[in-house]
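*Asks:*
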Amino acid sequence: MAFGERLRFFRTKRGLTQKMMGIMMGYPEKSADIRVAQYENGSRYPKDEVIEDLAAGLGVHPKALALPDIDSYIGLLHTFFALEDLYGIRISTVEGEPFLFVDKTGNKDAAELHSMLLAWSEQAEKLENGEITREDYDRWRYRYPEFDTTKHWVKVPSKRFSDMMVKAFKNKLKD
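Take the sequence shown: its letters are residues 176 to 350, numbered as in the working numbering.
Put into structure tokens, the structure is as follows:
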């Protein structure tokens, strides 16, 4: 998720207009909304100090605004928070252990993610049961959605290949 999307998300969540946010940041009233709009549409990227000020003004951690990263535990956790906001990822515990799940009733994106995660789970279970090799599993993951057969993400053969297969099948029926 881009910085601008996160900024817009938190700004609107707080009920602030772009102008209000800009004024709060200390920009001149005339151009306050323009600067915030530039950050939100990605035409400008703020310096680290400005990100810290924006975050403070919105009452969030700077990592919650910055592009989520998984190179630190805090960055990873803020990535999960962003996934919660956008895709209905929820956290709970079972027997004292944390687990993440998708609340597929949240929105269309959550329902789509839920389907995708079920497909992933199916492949992981096949690996665990010895039905596929680690190489097969990795091929599925690293080339997703090309090899996914559970939904509409399946890679469709080219028209040329499909026609060739139909012709071969018809020839086989003639024999």
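From the three backbone atoms N, C-alpha and C, an ideal C-beta is built for every residue, glycine too.
Could you name the residues of the same chain whose beta carbon sits closer than 6 Å to that of Glu215, not counting the 5 residues immediately before and after it, in chain order?
*Replies:* If we look at Glu215 and ignore the five residues flanking it on each side, its Cβ neighbours are Gly179, Leu182 and Arg183.
*Asks:* CA-CA distance, His327 and Met291?
*Replies:* In this prediction, His327 scores a pLDDT of 48, lower than 50, which makes its location untrustworthy; the coordinate-derived value is nonetheless stated afterwards. Distance between the alpha carbons of His327 and Met291 is about 10 Å.
*Asks:* Along the chain, where does the alpha helix (DSSP H) that runs through Leu233 open and close?
*Replies:* Start and end: Asp223 to Leu233.
*Asks:* Can Phe185 and Val225 be called in contact, C-beta distance under 8 Å?
*Replies:* Their beta carbons are not under 8 Å apart, which means Phe185 does not touch Val225 by this criterion.
*Asks:* Alpha carbon to alpha carbon, how far is Ala239 from Lys194? Give it in angstroms, no decimals.
*Replies:* Answer to the nearest angstrom: the Cα atoms are 21 Å apart.
*Asks:* So within the stretch 266-328, which uninterrupted alpha helix (DSSP H) runs reach at least 4 residues, ignoring any that extend past its ends?
*Replies:* The qualifying runs are 283-303 and 309-317.
*Asks:* Taking the alpha-carbon of Arg265 as reference, which of Gly271, Ala257 and Leu275 has the nearest alpha-carbon?
*Replies:* Selected option, being the one with the closest Cα: Leu275.
*Asks:* Which residue or residues does DSSP assign as beta-bridge partners of Ile264?
*Replies:* Bridge partners of Ile264: Val277.
*Asks:* Under 8 Å, do Tyr312 and Gln298 count as touching if we go by C-beta distance?
*Replies:* For Tyr312 and Gln298, yes; Cβs fall inside 8 Å.
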